[in-house]
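Worksheet: one structure, shown below.
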Amino acid sequence: MPLHVLFVLLLIVAIKESIWWLVFLMLFAVMKSWSFSIGRLFFLFILSCLFIGTGHLSPEPHDVSSVDILSGKRNGDRIRYEAESNGQSVLLTATITEEETGYERIGYACRVTTEPLDIRQQSNTGGFDELQFMHTHRYAGKWEVRSFDSCHPTPGYAAEGRRVREAWLKRIEELLPQKQAFYVEALVFGEDRLMDQVTLERFKKFGLLHAIVISGSHIAFLVVGLLYVLRKIRMTKEKRLDIVLILLPIYGWLTEWSPPVTRAVLVAIILLLGRRFNKPLDPVEVIAGVAAFQLAIQPTVIYDIGFQLTVGLTLFLVLSRRLIGSIRRPWNWLLISAWAQFGTLLFLQGIEQTTVSIWSPLLNLLIGSWIEWVILPGSFLLATLPFVPLSSTFQIVHQYLIQWMDQALQLAEHLPLAMVAVPVFSPVVLTIVVVGTVVAWFIAERRWWGHVLPLILLLVAWGYTEWSAPDQITFLDVGQGDSVVLEKAGETFVVDTGGVYQQTTHPLLRPFDPGSHIVAPFLFTRGEAEIDGLIVTHADHDHVGGLLGLLRQVRVKTIYLGAYDNTDEKRNALIRSIEATGTRVEFVQKGQTIRPWLQVLAPTERKEEENDRSIILLAQIAKQRVLLTGDAGLAIEDELTIGPIDILKAGHHGSNTSTGEELLRKTNPKIVILSVGRKNRYGHPHPDVLERIGTDRIVFRTDEDGSVTCSSAGCEPMIK
203 MPLHVLFVLL LIVAIKESIW WLVFLMLFAV MKSWSFSIGR LFFLFILSCL FIGTGHLSPE
263 PHDVSSVDIL SGKRNGDRIR YEAESNGQSV LLTATITEEE TGYERIGYAC RVTTEPLDIR
323 QQSNTGGFDE LQFMHTHRYA GKWEVRSFDS CHPTPGYAAE GRRVREAWLK RIEELLPQKQ
383 AFYVEALVFG EDRLMDQVTL ERFKKFGLLH AIVISGSHIA FLVVGLLYVL RKIRMTKEKR
443 LDIVLILLPI YGWLTEWSPP VTRAVLVAII LLLGRRFNKP LDPVEVIAGV AAFQLAIQPT
503 VIYDIGFQLT VGLTLFLVLS RRLIGSIRRP WNWLLISAWA QFGTLLFLQG IEQTTVSIWS
563 PLLNLLIGSW IEWVILPGSF LLATLPFVPL SSTFQIVHQY LIQWMDQALQ LAEHLPLAMV
623 AVPVFSPVVL TIVVVGTVVA WFIAERRWWG HVLPLILLLV AWGYTEWSAP DQITFLDVGQ
683 GDSVVLEKAG ETFVVDTGGV YQQTTHPLLR PFDPGSHIVA PFLFTRGEAE IDGLIVTHAD
743 HDHVGGLLGL LRQVRVKTIY LGAYDNTDEK RNALIRSIEA TGTRVEFVQK GQTIRPWLQV
803 LAPTERKEEE NDRSIILLAQ IAKQRVLLTG DAGLAIEDEL TIGPIDILKA GHHGSNTSTG
863 EELLRKTNPK IVILSVGRKN RYGHPHPDVL ERIGTDRIVF RTDEDGSVTC SSAGCEPMIK
């Protein structure tokens, strides 16, 4: 199998996708592993033809009126379908009724009435990039389904497989508790639709998400298990291999041939064919060849985390066989895990996902092994439950095995440095780290301290990035809500956390809140897993809805609340929730100074209108005087004694009840920031407010400009 073809394909795709540090790394890999042979050149020619024929194609937008439903993922009353329309992949979103599951349409062709939805580019650093997501999965567009007019079974083996699979999954969900059903579905069928938010966050925190999807080790266990059973019933070696070779494609059919399943099944089939015809093959070379084939037919698979880990590990195994062979087990396993984690961190730098855990290499060995050798066998057996009665004792034991693992992960969250945020490096710094890592790789083959060099490089780059970080203030795009991040003199404060009101009759497995999905990822890109303070201007949901989600992800030293905003049960319930996390709470009012550069101008007394109890702040950051008024009304604004400022965050999201003429006159801001949601139901910002602000001031709107970062050089919007 032509090993170097993977490096060549990675080099081509990296150039196509403008991943320049990967271009450099692949040039190094090609030069180090290159060897000429007719077979290798022929395979490279075939893959190049596939790449030219399919790899460069982009989906074309079109109207959607008839779709073939491929898969679905429900969350509360909403479901997102992956479908095909006119031969192209599309995304559909729909609201389901109380009596529906939404999954009953999988494997069916439907006539639909749809409305096209906008695809928005990334609006917050570290946040979700929908444009990149659509590009990665090669979707032609996204539509909201207004009505399903008619549905009928889609003909063909693929659609029949989807219907069989869905019936199987439905039966598993009826027979098993939700958490247990999730692991069975994830490990056996590659389906994560039952994954809850807490499980997702824990596995993501420790780099363990790959352990709960179908991978090469899962397929290896399945193959070994089948061969063992067939041997026990005294089948010949040839028949055993023939049966497994027939069953593997059926298994791929049932699991929808997702990228990790395709990769693992193809590797297993090729290795078994080699064994069947007495032609032993190198597993590492087979993995490399299959990965190259996947890249040729779908270049954007390079963004798949499972693919990244597989390729990264393959690269390391290929280029460092002498290094691994010189170290005894199990230390060489731990070393492989550590290098893979480091390589993944470098790749994730490019997509602004920067959290790591020093415990990840160890937990990948311990928890990963527990999943693959303890939970996985039980999951395969439980997957047969719809057809084969199993002992209830076995089901209970399997449940306990899952609970013990969850408890272990929960304890791991309290370990020192359980999660560390590495700031996003500049291109120059990242290039130096990558080059240094390549050099360290060479050194590690001869000297033990080569393994330590990448860590030293990371710490130096981290320290330099932190030292050179400018003072700045960032107005995040949290939709119809507020969240502002203040950074000065090495300290970080967050003002409000946004909030999204989600009303649903079905339970939400993965509730969205800006605290954990927007604010925390932004802080991570700044290298902050712990902040100095969180200021809640007042307890309206659009300012405090993301608070608990943020506290799950980020440690906060002190939370500041208004002195007069703790006088009813609603506020006291919030305070109790905060205190239950172990976070310190402090109440502030006019005249107090949180920091020398951060003054409190209000509240002054108890007000009946909760908006008028908002904390009003005057911050002096990066040579800018910035006024944050929360949702305070016109009367409160008129009471303020304040001179000219540079930046004003318009009060109450641009409502006509705030940002009055008197405030604008006495502060005369050069820049006004409006924190509003796209197409919000309140009609914010109000036309009267825009008229009062006038045309002689610079205005930024988070619904149009995304997050806005202001420093001594001025303000820069995320969306340009």
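In the working numbering, the protein residues as written are 203 to 922. Backbone N, C-alpha and C fix where the C-beta goes; we use that ideal spot for every residue, glycine too.
- DSSP, reduced to helix, strand and coil, places Trp345 within a strand of the structure shown.
- Between the alpha carbons of Cys312 and Pro355 lies a distance of about 9 angstroms.
- In this structure the stretch 749-760 touches the stretch 704-723; the number of beta carbon pairs closer than 8 angstroms is three or more.
- Rounded to whole angstroms, the gap between the alpha carbons of Pro889 and Phe902 is 15 angstroms.
- Taking C-beta atoms under 8 angstroms as the contact rule, Leu377 and Glu387 fail to qualify, at a distance of about 12 angstroms.
- Secondary structure of Lys792 (DSSP, three-state): coil.
- Spanning the alpha carbons of Ala623 and Glu301 requires a straight line of approximately 43 angstroms.
- When Cβ pairs closer than 8 angstroms are counted between the two stretches, the stretch 395-409 is seen not to touch the stretch 592-606, the count staying below three.
- Under the three-pair Cβ rule at 8 angstroms, the stretch 836-848 does not count as touching the stretch 755-771.
- Ile818 sits in a strand when the DSSP states are folded into three classes.
- Gln674 places its beta carbon 8 angstroms or farther from that of Ile849.
- Short of 7 angstroms from the beta carbon of Asn326, and not among the five residues preceding or following it, lie these beta carbons of its own chain, in chain order: Leu678, Asp679, Ile720, Phe724, Gly908, Ser909, Met920.
- Excluding the 5 residues flanking it on each side, Val635 has same chain C-beta neighbours closer than 6 angstroms at Leu659, Ala663, in chain order.
- By the Cβ-count criterion, Phe391 is buried, with 16 or more other Cβ atoms from all chains shown falling within 10 Å of its own Cβ.
- In this structure, the beta-carbon distance from Val746 to Gly701 falls below 8 angstroms.
- Take Phe384, set aside five residues on each side of it, and the residues of its chain with a beta-carbon closer than 8 angstroms to its own are Asp394, Leu396, Met397, Asp398, Thr401, in chain order.
- Ranked by how close their Cα comes to the Cα of Trp345, the residues Asn858, Leu450, Glu284 have Glu284 in first place.
- Per DSSP, reduced to three states, the secondary structure at Asp744 is helical.
- DSSP places Tyr283 in the uninterrupted beta strand (DSSP E) bounded by 280-287.
- Between Asp833 and Ser877, the C-beta spacing is not below 8 angstroms.
- Going by beta carbons, Ser250 and Val266 fall outside the 8 angstroms limit.
- About 6 angstroms separates the beta carbons of Ala731 and Met621, which is inside the 8 angstroms limit, making them a contact pair.
- With a cutoff of 8 angstroms on beta-carbon distance, Thr557 and Phe335 are scored as not near each other.
- For Met228, the number of other beta carbons within 10 angstroms of its own is at least 16, and it is reported as buried.
- Of the residues Val215, Thr739, Trp561, the one whose Cα lies closest to the Cα of Leu619 is Trp561.
- Judged by DSSP in its simplified three-state form, Gly717 adopts helix.
- Counting along the chain, the unbroken beta strand (DSSP E) around Leu830 starts and ends at 826-830.
- Per DSSP, the unbroken beta strand (DSSP E) holding Phe902 starts and ends at 900-903.
- Across the structure, Tyr305 and Glu332 are spaced so that their CA atoms are roughly 24 angstroms apart.
- His743 and Leu447 have their alpha carbons spaced roughly 56 angstroms apart.
- Partner residues in the beta bridge of Arg276, as assigned by DSSP, are Ile281.
- Trp223 is positioned such that its CB atom lies closer than 8 angstroms to that of Leu632.
- In terms of CA proximity to Leu252, Gln496 leads the group Gln496, Ser559, Phe644.
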